[in-house]
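Beneath this line is the structure, given in structure tokens, with notes to follow.
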Amino acid sequence: MLVNVALSAIALLSARALAGAPLLNPPLPTSTQERRAPAEPVERCLTNADCMRAGQPLLKPKSRSRSHLLVPRQSGVPTTTYTGTIRVVDTESTSTLGYISATANSLGEYGLLVSDTADALVVSYEATSSDASQVDFTIETAQQLSGYPYLCSIAGFGNSDPLDELDTGSYNYALFAGCASTYAPGPAQAGDNSYNYAVQDSTIDRDVETAVWSISSAGEITNMWINPATATTPVPVTYFLNGNGPDESDLKAIAITADVDAFQTHFAKNYSTIQLMFETISP
């Protein structure tokens, strides 16, 4: 099912802070041997010769899988690269809460907020005009978690079966993380991502979608999540912004859900909605 994410957002409180409440994220292991820290940004080599000189692993061969094909575009129409930050707005007060930080949380998820745009996540997309649908967001090279250059959506840890489906009547949600590859629009699939890398537990690995971002002429960011059941009926999805205390700051994240009431009831919390805005950076 195609989820036309006319995205709003909501404050995600880490369920670890609520005794007995369902978990939005897996608890952080106390031992660093049980969990990898998100891969730090590094200067990535572009050719095997550069990799050898820098002492880095050689580049992996590019996959010929159909899942990695580019999204079809009209032939002969030139595209432009648009670059910007992601501003977070409270939909009730219309005040700016901050910008999505370039720093991921301890599980490789994005949602920490900063007030200074110098510390904000910078993403870019290619399209024939600034308003675009189902495009990939590429993270600025210097900010990328090593090996994860794309901002993607991943199915939530606390989801019920079917894990990859966001729909009315379901509390399921998706989070934002870094992905290693891009995929044509379609249902979520297994893919290397920063969350899976951080948790190092294949039993809680989560599937991904990358070509989910849509931007209006006004800069409003929506998300086009595709459910496994069908690909015809748009379902509105709502953004959630983590609102947990400082002791849980390592688990702050942004997520989306298709049913606000079901989500709030299941996780025993009321949330205020937010909107994400693409703020263009002038060349």
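The working numbering numbers the first residue of the sequence shown as 13 and each following residue consecutively.
Using N, Cα and C, we set each Cβ at its ideal position, and we do this for glycine too.
Item                                                                                      : Value
Residue 211 in three-state terms, based on DSSP                                           : helix
Residue interval of the beta strand (DSSP E) (run including residue 149)                  : 149 to 151
Rounded Cβ spacing between residue 146 and residue 224 (contact assumed at less than 8 Å) : 7 Å
Residue range of the unbroken beta strand (DSSP E) whose run includes residue 102         : 92 to 102
Identity of the residues DSSP links to residue 234 by a beta bridge                       : 226
Proximity of residue 115 and residue 124 at Cβ, strictly below 8 Å                        : yes
Cα-Cα separation between residue 183 and residue 199, rounded to whole angstroms          : 18 Å
Simplified DSSP assignment, three categories, for residue 182                             : coil
Simplified DSSP state of residue 126, which is helix, strand or coil                      : strand
Limits of the unbroken alpha helix (DSSP H) element including residue 274                 : 272 to 278
Identified DSSP bridge partners for residue 119                                           : Paired residues: none, contrary to the question.
Residue from 211, 210, 191 whose Cα sits closest to the Cα of residue 202                 : 191
Contact between the segment 268 to 277 and the segment 225 to 232 (3+ Cβ pairs under 8 Å) : no
Residue 38 and residue 238 closer than 8 Å at C-beta                                      : no
Residue 206 (DSSP reduced to helix, strand or coil)                                       : helix
Counterpart residues of residue 110 in DSSP-defined beta bridges                          : 100
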